[in-house]
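Quick note: the sequence shown uses this note's numbering, first residue 22, plus one each step.
Quick reminder that beta carbons are idealized off the backbone N, C-alpha and C, glycines included.
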Amino acid sequence: MTKIFILGVGAQKAGTTWLHSQLSTNNNIDFGFRKEYHVFDTIEQEKKRSSSKTINNNSCIRSTKYILELHKKNLLGTNHNMNSNIKFAYRSLELAFLDNANNYFNYFDYLYLRNPEIKAVGDITPSYALLQPKTYRMIKKGLEARGFTIKILFLMRDPIERMWSAARMNKRNMKTQKSISFDEFNFMASNKEWIGYDKSRYEQTITNIENIFNPKEIYYGFYEELFEVNSHQKIQDFLQISLLSFKPSQILNASPKNTLMPEELKRDLGRQLQSTYEFMLKRYGDKMIKLWHGYDIFK
């Protein structure tokens, strides 16, 4: 019997939350105590931070600092009320994962072994799309040493649409007063580092994961097709385990559009990501022109 580890590597705002929700309804899949563990991206960023004087306010780094602060105060694992106790227990696990990646691998091995019904465990962290090849290699080595067959899930979305969705989510998460004055388009134009061109450079992620993992064990999907009926069958065939039917109507974390993106901004974003659009067109053919409206700016 195949022992499966589902490794979701992105992309951000490409349907990973919805897919995690659908897969989690199955009794034969156990993702543990969260969707995104942010172990390996945090480890990479900590290494970069330690070798640089640049201040990094990334949420993963802040989370790590918070965990370490709790540990320093001897608050991890202490008894408060039940909810706090569980929360601190999870924080303790996070600290253990960051301290030694073997703890992460052993945790998922435990999830698999403790329940005979479980066919797959996993971690879907979109930030893993930016991992370096050597980090992917470490993940592969650690999981295969425990007998796992690794199934990579990489969902992609029209790069311009993906960045716009991220900006709308940023607005949605703001306090009401601040969100009223927030202009998503001015924000995108003036915060080009934040909107994450790197998270939309799918060619880099594809190259890195295919250099380490067997291409036959990588599932490439598109947000624009994810909610179609045949999406369930494709993913079920890929994972090679029985899955309950997906419910396309249960879309999570959607950020509705209230206006059209200015053409000038769209062209500017497209120029920055032209190599990605070209790569995807060469790899998947004219299908991409039908799926992604971003190609319209190149006509």
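Problem - Segment contact flag, the region 25–40 with the region 157–175, C-beta cutoff 8 Å, min 3 pairs - result: With the cut-off at 8 Å, the region 25–40 and the region 157–175 touch.
Practice task
List the whole-angstrom C-beta distance separating Thr-297 from Arg-222, where the pair is believed to meet the contact cut-off of C-beta under 8 Å.
Solution key: About 5 Å separates the CB atoms of Thr-297 and Arg-222; that is less than 8 Å, so the two are in contact.
Problem - Limits of the unbroken alpha helix (DSSP H) element including Thr-226 - result: It spans 223–233 - the alpha helix (DSSP H) in which Thr-226 sits, taken as one unbroken run.
Handout entry: Presumed contact (8 Å Cβ cut-off) between Val-60 and Phe-118, rounded CB distance
Key = Confirmed, Cβ separation roughly 5 Å.
Practice task
Excluding the 5 residues preceding and the 5 following Lys-34 in the sequence, name in chain order all residues of the same chain whose CB lies nearer than 6 Å to its CB.
Solution key: Excluding residues within five positions, the ones whose Cβ falls inside 6 Å are Arg-183, Ser-186 and Ala-187.
Handout entry: Nearest residue (CA-CA) to Leu-164, options Ala-141, Pro-147, Ala-150 and Asn-136
Key = Measuring C-alpha to C-alpha distances from Leu-164 to each of Ala-141, Pro-147, Ala-150 and Asn-136 identifies Ala-141 as the nearest.
Problem - Ser-148, buried or exposed, once every other Cβ within 10 Å from all chains shown has been counted against 16 - result: Its Cβ being crowded by 16 or more others within 10 Å, Ser-148 is buried.
Problem - Whole-number beta carbon distance between His-253 and Leu-264, since they are thought to touch under 8 Å - result: At roughly 7 Å, the Cβ-Cβ gap stays under 8 Å, so Leu-264 and His-253 are in contact.
Practice task
At 4 residues or longer, and completely inside the region 138–193: list those alpha helix (DSSP H) runs for me, N to C.
Solution key: Qualifying alpha helix (DSSP H) stretches, in chain order: 154–165 and 180–193.
Problem - Bridge-paired residues (DSSP) for Tyr-241 - result: Phe-175, per the DSSP bridge assignment.
Practice task
Would you tell me roughly how many angstroms separate the C-alpha atoms of Glu-299 and Ile-239, rounded to the nearest one?
Solution key: When rounded, the distance between both Cα atoms is 21 Å.
Problem - Under 9 Å between C-beta atoms of Ile-145 and Asn-49 - result: Ile-145 is not a Cβ neighbour of Asn-49, given a cutoff of 9 Å.
Problem - Close beta carbons around Met-282, own chain, < 7 Å, minus the five adjacent residues each side - result: These residues qualify, in order along the chain: Trp-185 and Phe-206.
Handout entry: Three-state secondary structure assigned by DSSP to Leu-28
Key = The answer is strand: DSSP assigns Leu-28 an E or B state.
Handout entry: Contact under 9 Å by Cβ, Leu-151 with Asp-62
Key = Their beta carbons are under 9 Å apart, which means Leu-151 touches Asp-62 by this criterion.
Exercise for the section: Find out if the Cβ-Cβ distance for the pair Leu-134, Asn-124 is shorter than 9 Å. Expected result: Cβ atoms of Leu-134 and Asn-124: not closer than 9 Å.
Practice task
Round the Cβ separation of Tyr-244 and Gly-36 to the nearest angstrom and send it over; I've been treating them as touching at under 8 Å.
Solution key: A Cβ-Cβ distance of about 5 Å is found for the pair Tyr-244 and Gly-36, placing them in contact under the 8 Å criterion.
Practice task
In the DSSP assignment, find the alpha helix (DSSP H) that holds Phe-300 and state where it starts and stops.
Solution key: Boundaries of the alpha helix (DSSP H) harbouring Phe-300: 295–305, taken from the DSSP string.
Exercise for the section: Return helix, strand or coil for Asp-219, following the three-state DSSP convention. Expected result: Residue state, collapsed to three classes: helix.
Exercise for the section: For Asp-51, write down the residues that DSSP places opposite it in a beta bridge. Expected result: According to DSSP, which records beta bridges pairwise, Asp-51 is partnered with Val-142.
Practice task
Go ahead and pull the three-state DSSP assignment for Gly-98.
Solution key: With a pLDDT of 49 at Gly-98, under the threshold of 50, the modelled position of this residue cannot be trusted; read the value that follows with caution. In the structure shown, Gly-98 sits in coil (DSSP, three-state: anything other than H, G, I, E or B).
Exercise for the section: Please go through the same chain and pick out, in chain order, the residues whose beta-carbon is closer than 7 Å to the beta-carbon of Ser-45, but skip the five residues on each side of it. Expected result: Contacts found: Phe-52.
Practice task
Using 10 angstroms around the beta-carbon of Lys-162, count the other beta-carbons present and answer buried if the total reaches 16, otherwise exposed.
Solution key: Within a 10 Å sphere around the beta-carbon of Lys-162 sit fewer than 16 other beta-carbons, which makes this residue exposed.
Practice task
State yes or no: is the C-beta of Pro-154 within less than 9 Å of the C-beta of Asn-229?
Solution key: Yes, Cβ-Cβ distance for Pro-154 and Asn-229 is below 9 Å.
Problem - CB contact flag (Tyr-157, Ile-233, <9 Å) - result: The answer is yes: Cβ separation under 9 Å.
Handout entry: Alpha-carbon spacing of Leu-40 relative to Glu-285, whole angstroms
Key = Spanning the alpha carbons of Leu-40 and Glu-285 requires a straight line of approximately 33 Å.
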